[in-house]
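Notes to accompany the following structure.
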Amino acid sequence: MLLGPSGAGKSSLLRVLNLLEMPRSGSLSIAGNQFDFTRAPSDKAIRELRQNVGMVFQQYNLWPHLTVQQNLIEAPCRVLGLSKDQALARAEKLLERLRLKPYSDRYPLHLSGGQQQRVAIARALMMEPQVLLFDEPTAALDPEITAQIVSIIRELAETGITQVIVTHEVEVARKTASRVVYMENGHIVEQGDASCFTHPQN
C-alpha cells in the first residue's frame with residue numbers, strides 16, 4: 002500500500018514498477034524481472050515485464066468502442082496468443098467472479114464508475130499477472146461501491162497475487178494493507194506492516 006498526500010510521488014513510483022515511467026538510475030526487481038537502469042531496457046524486456054505486472058488505472062482506460070467482453074479478450078488474444086475460445090472461457094470466469102455477467106455486452110459508456118472499475122480489474126486479471134498495480138482504485142466512487150472494490154482487493158489477496166495499491170484514503174488502506182509505505186515529497190518516510198496505522202514511527 003502506497004500512502005501519502007497528493008504530489009507525494011505515489012503514482013510515479015507505481016508507474017515505474019511496470020516502466021510506464023523510466024528511471025534514470027538504480028535497479029528494479031519485480032515478478033522475476035530484473036532491470037539495471039545504467040542502460041535502457043529492451044522493448045522485449047519491457048513487454049515481458051508488463052505481461053507479469055498488470056495495471057488498473059485511475060481513469061479505467063477501457064476501450065470505448067469495445068464491449069465489456071471484447072475489452073477482456075483483446076489483449077490475451079493479441080499478446081498471449083490465446084484462441085478466442087480460450088479467452089472467452091477465461092473471461093466468463095472473471096465476469097462471474099466480479100459480478101459483471103449481466104454487463105458483458107455493454108459498452109463502457111453505459112456502465113457506472115464502479116462497474117467500469119470492476120471491468121478494468123477483470124481485464125488486468127485476464128493476463129494472469131503475478132503483480133497487480135492499482136492507481137487510486139476507489140477515487141470518486143461512493144461508499145457502497147468503494148466497499149465492493151475493497152472486498153475484491155481482499156479476495157484477490159487470498160489468491161496469491163501481489164497487489165500494490167496507491168491511495169490517499171486511510172480507511173481503504175487500513176482494510177486492505179498487509180504492508181504500508183508512506184511517502185512525502187518524492188521520498189519514502191515510513192514503511193512497515195499494517196501495525197503502522199496504530200503504532201506509527203513518525
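Each residue of the sequence shown is one higher than the one before, starting from 2 at the first, in our numbering.
For glycine and all other residues, C-beta sits at the position ideal for the given N, C-alpha and C.
What you are looking at is a predicted structure, and each value in this text was computed from that prediction instead of being measured.
DSSP three-state call for E172: helix, strand or coil?
-> In the structure shown, E172 sits in a helix (DSSP, three-state: H, G or I).
Output yes or no for whether 8 angstroms exceeds the beta carbon distance between S105 and L95.
-> Between S105 and L95, the C-beta gap is not smaller than 8 angstroms, which leaves the two residues out of contact.
Excluding sequence positions up to five away, which residues of its chain have a Cβ less than 6 angstroms from the Cβ of L101?
-> R119.
Tell me whether L29 sits in a helix, a strand or coil according to DSSP, three-state version.
-> In this structure, L29 counts as strand in the three-state DSSP scheme.
From which residue to which residue does the beta strand (DSSP E) around Q192 run?
-> First-last of the beta strand (DSSP E) with Q192: 188-194.
Length of the line joining the Cα atoms of G82 and A88 | Between G82 and A88, the C-alpha separation is close to 9 angstroms.
Taking the Cβ atom as the reference point for each residue, do Q131 and A32 lie within a distance shorter than 8 angstroms?
-> Yes, the Cβ-Cβ distance between Q131 and A32 is below 8 angstroms.
At least three beta-carbon pairs within less than 8 angstroms, the region 145-157 to the region 169-181 = A contact exists between the region 145-157 and the region 169-181.
Are the beta-carbon atoms belonging to V167 and L3 less than 8 angstroms from one another?
-> Going by C-beta atoms, V167 is nearer than 8 angstroms to L3.
Opening and closing residue of the alpha helix (DSSP H) in which G55 lies = For G55, no alpha helix (DSSP H) segment is defined; the enclosing uninterrupted segment is the beta strand (DSSP E) at 54-57.
Please work out which residues of its chain come closer than 6 angstroms, Cβ to Cβ, to R124, disregarding the five sequence neighbours upstream and downstream, and give them in chain order.
-> The answer, listed in chain order, is N72, L73.
Report yes if the CB atom of M23 is closer than 8 angstroms to the CB atom of P77, and no otherwise.
-> It is not a contact, given that the beta carbons lie outside the stated cut-off.
Count the other CB atoms, across all protein chains shown, that sit within 10 Å of the CB of E137; report buried if there are 16 or more and exposed otherwise.
-> The Cβ neighbour count for E137, taken over all protein chains shown within 10 Å, is at least 16; the residue is labelled buried.
Taking the DSSP output, what are the residues bridged to V132?
-> Residue pairing for V132: DSSP places it in a beta bridge opposite V54, T163.
Residue environment, S171, which counts as buried when at least 16 other CB atoms sit within 10 Å = One point to set straight first is that residue 171 is Val, not Ser, in the sequence displayed. Taking all protein chains in view, the Cβ of V171 is surrounded by fewer than 16 other Cβ atoms within 10 Å, so the residue is classified as exposed.
Beta-carbon separation (whole angstroms), L134 vs V80, contact threshold 8 angstroms | Not quite, the Cβ-Cβ distance comes to about 17 angstroms (not below 8 angstroms), so this is no contact.
Host beta strand (DSSP E) of D37 (start-end) = For D37, the enclosing beta strand (DSSP E) has its first and last residue at 34-37.
Which runs of the alpha helix (DSSP H) fall wholly inside the region 73-128 and span at least 4 residues, in chain order?
-> Listed in chain order, they are 85-98, 114-126.
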